[in-house]
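Just remember that my numbering sits 268 ahead of the position in the sequence shown, which is counted from 1.
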Amino acid sequence: MGAINSIEQLEDYRREVEAEARADVPTVLVCFGTGCQANGARPVAEAFSDIIEEQGLELNVNIAVKTTGCHGYCENGPLVALQPQGILYLKVKPEDVAEIVENTIKRGEIIERLVYKDKATSEMIAEYSEIPFYRHQHRIALKRIGNIDPANIDDYLLAGGYAGLARALGMKPEDIITEIEKSGLRGRGGGGFPTGTKWRSCVAVDSDVRYVLCNGDEGDPGAFMDRSIMEGDPHAVIEGMIIGAIAVGAHRGYIYVRDEYPLAVSNLTTALEAAREKGLLGENILGSGFDFDIAISRGGGAFVCGESSALMRSVGGDIGEPRAKYIRSVERGLYDKPTVLNNVETWANVPDIIVKGADWYASLGTEGSKGTKVFSLVGKVNNTGLVEVPMGISIGELVENIGGGILNGKKFKAVQTGGPSGGCIPERMSDLPIDFDSLTEVGSMMGSGGIIVMDEDTCMVDVARYFINFLVEESCGKCTPCRDGLPRMLDLLTDITEGRGGEEHVALLEELCDMLTWGALCGLGTSAANPVLSTIKYFRDEYDAHIRDRKCPAGVCKALITYEIDPEACTGCRLCAKKCPQECITGERKEAHVIDTSRCIKCGVCKDVCTFDAVRIS
């Protein structure tokens, strides 16, 4: 079918797609997100296609093989889900495929080595929905990802796609904005500004031209929420933007995609072309008389381009530098015209709000933070990956129930939220709800949704140094607080971690943090103090140990640690001596060994290979 010229034709076409789709047909869903592809998903998908083609007659049943977006459980990729059985196989290799077809698809047998095993109980769980990582989630923005082929618009329509657009075309723009306001949806890009308020402010400005923008320039270390949505459900972002354009009267939109996201660009391009072909984008959308089109703008390769004004300058062909905040984007944004800018996740929530209503969305989350939030859960936790949970879930619930607790039975120490400008929250605050206001109150922030879990072996002073170093490298250098203040902070933190710190270092750090908070030009600078201030506030004892005792309690800062061998624990196996790159470990077989500390480079190899826990850090 070519272009669809009315809402009625859209629903007719959707019914045609539904009639052709058979729920009883076995479907192999191979995760084709960036992470799984890096782990070898492509050969797995090809193996399924080849074997099914070879054995088609023997199987006597139609089997569909689909490549999907990110399933979320990234550390266990490549992931393969089998429907309608609801089985999820982990770390699948091409050589496993024949066995899956033979044993599971043909005979209905579970292959035990490929299913999830609880690390605490060793319980095997084959059903996708019962794996703790998934069971405790509540997916809205991610609900289709992993279940549909992002390159197939029919899959999106079959899953209810573009129903929000159809409804929005029958609504007054004012009513669309009111619905978004009532839902309580706040921007998921970090600022948490009320989405409906932003849209209404844009409409209030007298202008013959308005723009709608999507911020897909996700630059936080460890964050991949927006990338996964763009890769796995691009039509949701497109549909949300069209609805926003109807609401504010825009006829042109841009998706600003990080240049390091080629798969996102590819899948978005395919989705845009399909939407135009079907009459869902471009001129006279669904015969409504409303015109709106979207172009992709590749990112400028700088972290600061994720800041709203820098992003708009980059889209317009200028250097991606922020401007003063007294100029509001809704008044003078892209090309000095009123502009609505929301991030990927925000736009992806809009269609469901329009279809299901503001009350449905507002029933989720907390009073001040409605709905759900997508997080990338990474660090020293058993289950890492992409998760979506209701706003207000506690830090402890996220780490324990979904993350499966801390790796190797280590002690939970802290989480860092909000990207490089976020704060570090100690384990004793595990009951803290994760929402916009609660995180801000304790000196952190929501940010785009990165959560890094840290254990007892993490040095919090070094963590602060790491993030300040990142911000130094990514600062545009336009304003003095960032250009001069951040490098000075890095110097001070480096001094502390290398044993040159004094009591005055902490006081000077706090002074510089105050200067940044109140004097920096953009949000990157005003929030840059968070990693330092939060670690000083909650982990002051570690700063004191570095400065007063010249010790790193976590054993991370090389200048402040010494490797020694406990003669009581050493068995003289000689493994450490064989592996030492400096050959600075001596001792006879079956006798206690000794490290020559004058030659030791503190690489940690000896500690890593010792099976008797004889190598100690002091």
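Even glycine gets a Cβ: it sits at the ideal position worked out from N, Cα and C.
Does DSSP put residue i in a helix, a strand or coil?
i           : result
residue 656 : strand
residue 807 : coil
residue 365 : helix
residue 522 : strand
residue 437 : helix
residue 781 : helix
residue 880 : coil
residue 422 : helix
residue 681 : strand
residue 494 : helix
residue 757 : helix
residue 458 : coil
residue 697 : helix
residue 278 : helix
residue 875 : helix
residue 308 : coil
residue 854 : strand
residue 719 : strand
residue 670 : helix
residue 287 : helix
residue 885 : strand
residue 464 : helix
residue 574 : helix
residue 220 : Lying before the first or after the last residue shown, residue 220 is absent from the chain, which here runs from 269 to 886.
residue 272 : coil
residue 814 : helix
residue 787 : helix
residue 798 : helix
Residue i and residue j: beta carbons closer than 8 Å?
i           : j           : result
residue 714 : residue 460 : yes
residue 444 : residue 546 : no
residue 833 : residue 861 : yes
residue 416 : residue 427 : yes
residue 560 : residue 523 : no
residue 660 : residue 721 : no
residue 312 : residue 360 : yes
residue 670 : residue 683 : no
residue 257 : residue 406 : With the chain represented from 269 up to 886, any question about residue 257 goes unanswered, as that position is not in the structure.
residue 800 : residue 845 : no
residue 535 : residue 418 : yes
residue 588 : residue 483 : no
residue 602 : residue 479 : yes
residue 907 : residue 791 : The requested residue 907 does not occur in the structure, where the chain is confined to residues 269 to 886.
residue 612 : residue 498 : yes
residue 525 : residue 581 : no
residue 441 : residue 508 : no
Starting from residue i, trace the beta strand (DSSP E) in both directions and tell me its first and last residue.
i           : result
residue 563 : 561 to 566
residue 641 : 640 to 647
residue 713 : Premise fails: residue 713 is in no beta strand (DSSP E) and is neither H nor E.
In the DSSP assignment, what are the bridge partners of residue i?
i           : result
residue 334 : 297
residue 348 : 298, 357
residue 392 : 385
residue 607 : 479
residue 888 : Since the first residue shown for the chain is 269 and the last is 886, residue 888 is missing from the structure and cannot be characterised.
residue 662 : 701
residue 762 : Residue 762 pairs with nothing; no bridge assigned.
residue 824 : Its beta-bridge partners do not exist; DSSP assigns none.
residue 862 : 854
residue 633 : 638
residue 550 : 560
residue 484 : 525
If I follow the unbroken alpha helix (DSSP H) through residue i, where does it start and stop?
i           : result
residue 831 : Where residue 831 is concerned, there is no enclosing alpha helix (DSSP H), although the beta strand (DSSP E) it sits in stretches over 831 to 833.
residue 400 : 400 to 403
residue 620 : 612 to 624
residue 730 : 728 to 742
residue 530 : 530 to 545
residue 592 : It is not in any alpha helix (DSSP H) - residue 592 carries neither H nor E in the DSSP assignment.
residue 504 : 502 to 516
residue 794 : 791 to 794
Between residue i and the ligand GDP, is the CB less than 7 Å from at least one heavy atom?
i           : result
residue 546 : By its list of ligands, the structure shown contains no ligand whatsoever, and the ligand GDP lies outside what it can speak to.
Does the stretch 835 to 855 come within contact of the stretch 872 to 884, defined as at least 3 CB pairs closer than 8 Å?
yes
When the Cβ atoms of the stretch 308 to 322 are set against those of the stretch 278 to 289, are three or more pairs found closer than 8 Å?
no
At least three beta-carbon pairs within less than 8 Å, the stretch 724 to 744 to the stretch 809 to 825
Contact between the stretch 724 to 744 and the stretch 809 to 825 is present, because at least three Cβ pairs lie under 8 Å.
For the structure I just gave you, are there three or more beta carbon pairs, one from the stretch 613 to 628 and one from the stretch 449 to 456, closer than 8 Å?
yes
When you compare the stretch 755 to 771 with the stretch 662 to 681, are there three or more beta-carbon pairs, one atom per stretch, that lie closer than 8 Å?
no
Using 8 Å as the Cβ pair cut-off and three pairs as the minimum, do the stretch 500 to 514 and the stretch 623 to 632 touch?
Flag = no, the stretch 500 to 514 and the stretch 623 to 632 do not touch.
Touch check for the stretch 796 to 811 and the stretch 734 to 745: three-plus C-beta pairs under 8 Å?
yes
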